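Below: one structure, written as structure tokens.
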Amino acid sequence: MSKEERVKNVNDEIINKLDKVNSLKELNDLKVEYLGKKGKVTELSSLMKDLDNDEKKKYGKLLNELKTNINTKFDTIKQNLELEEINKKLEEEKIDVTLPSTTINVGTLHPVTRVINEIEDLFLSMGYDIAEGPEVETDEYCFEKLNLPKDHPARDMQDSFYINAERLLRTQTSAVQARVMDANKEKSAIRIICPGKVYRREEDATHSHQFTQMEGLIVDKNISLADLKGTLEVFMRKLFGKDRQIRLRPSYFPFTEPSFEVDISCYKCNGEGCSLCKDTGWIEILGAGVVHPNVLRNCGYDPDIYTGFAFGLGIERVAMLKYGINDVRMLFSNDLRLLNEVNRIEGGDLDETK
Ligand code: PHE
């Protein structure tokens, strides 16, 4: 057989085999078989050494054509096989979007956090700042600056956890108000709300030894009771619905004069009388009043120039009213059913208070 015939045979052989190749592995094996070190094409090249120059040229050209031809074929087939493999993989890994998914339980905000956020949003929109202070407070800021000197009988209303004679777990966030007034060196106007945890020695269905308060304070020139009433009206309507009326009842707090208990008209019966408002048509919700001159003086403000008002309420009580919770301890018992229910109320259109 002539060299030319051998080249043609090898060429036909490869083409024939390439036709039957089914995988990249087979293709690779074939490449080694023909183009590898001991491959059939390499073998053909070794015939060159016995040829004279003229023939070398002719035969060399033939061999080169063979190699180019084979390589192109290999490349094309390789590309096709790779594409096929990708398509096959895509087909196998196809996602069936109609399959039912596994449920993922997403957390939700605690009712107390929800109420805090709602109140903060409202007061920030009215130009108030949010102020915070320490939970372990001094007797001075928790009581004395607030017109409750040592041995004042009103301290009994807030019996507390003492660390030592001068330090205690704060019983009211009013302590933060005293701190902010004291720290304001220019003695300029103040407009703040103070959210935070407070502690008192009591515990039953409606009182917890730890609870959350939100107090508000304005100190400025020409602040009157009318400003307090208007602010509280906006506040209560935001929390309990736009039809709420408010009522101020005279009360006593050492740090305000006059002082009030503030009631809202019952949102369940609209003032007609029901079990929620104990047939009175009103629900007691906050304490408030005009800042006592002694408090202003104790914190470096001149009561002849500045006046102010303050109010305070318990966040848990608001949350209980808003979400129909009848035992304050439920808010701290880690029962997911409570969170889910509150989430359902806030997520749907079932909120009676809106
Ligand atoms: N600090 C009072 C309390 O804890 C609430 C209050 C705040 C009353 C501000 C009047 C003015 O009971």
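To convert, note that position 72 of the sequence shown is 72 in my numbering; the numbers rise steadily by one, no gaps.
Positions of the beta carbon are idealized from the N, C-alpha and C atoms, including for glycine.
Since we're looking at a predicted model, the values are computed, not measured.
- Fewer than three beta-carbon pairs drawn from the stretch 231-248 and the stretch 128-136 are found closer than 8 Å, and the two stretches are therefore not classed as touching.
- By the neighbour-count criterion, in which 16 or more other beta carbons inside 10 Å mark a residue as buried, H292 falls on the buried side.
- Within the same chain, G39 and K40 come within 8 Å of E33 by CB-CB distance, once the 5 residues on both sides are set aside.
- DSSP places Q172 in the coil class of the three-state scheme, outside both helix and strand.
- Annotated as distal: E118 and L286, with beta-carbon spacing of 9 Å or more.
- Around the beta carbon of G347, a 10 Å sphere encloses fewer than 16 other beta carbons of the protein chains shown; the residue is thus reported as exposed.
- By DSSP's assignment, R191 forms a beta bridge with I218.
- Take the alpha-carbon of K25 and the one of R344: they are about 59 Å apart.
- Apart from sequence neighbours up to five positions away, the residues of its chain that approach L338 with a beta-carbon distance below 6 Å are M330, ordered along the chain.
- Boundaries for T307: no alpha helix (DSSP H) harbours it, while the beta strand (DSSP E) harbouring it runs T307 to G314, taken from the DSSP string.
- In this structure F332 is exposed. Its beta-carbon is surrounded by fewer than 16 other beta-carbon atoms within 10 angstroms.
- Taking 8 Å as the cut-off, the C-beta of F255 counts as close to a heavy atom of ligand 1.
- Burial is judged here by how many other beta carbons sit within 10 angstroms of a residue's own beta carbon; E84 has fewer than 16 and is exposed.
- Here G289 carries a strand assignment [DSSP, helix/strand/coil].
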